[in-house]
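Asker:
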Amino acid sequence: MKQFLRTFMCDENGAVTVDWVVLAAAVVGLAAAIVTAMQANALSLTGSIASYLAGWAF
């Protein structure tokens, strides 16, 4: 039993998978934050452009 516990504690199989899952989650979270920030600024910019073009009524 002691040998089994020692081998189990030293086994690192699957550790790389956990690293990749954490890295992928961080990338997805960062992308979501960037999209949210860009969306708010894009909506503000389109509103400004629309009001500017409204002054140019033909």
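Heads up: the sequence shown runs through residues 1114 to 1171, numbered per the numbering used here. For every residue, glycine included, the Cβ atom is placed at its ideal position computed from N, Cα and C.
(1) Given this structure, state the Cα-to-Cα distance separating residue 1114 from residue 1122, to the nearest angstrom.
(2) Going by DSSP, what residue range makes up the alpha helix (DSSP H) through residue 1132?
(3) Cα separation between residue 1155 and residue 1145?
Answerer: According to the structure data:
(1) 12 Å
(2) 1128-1167
(3) 15 Å
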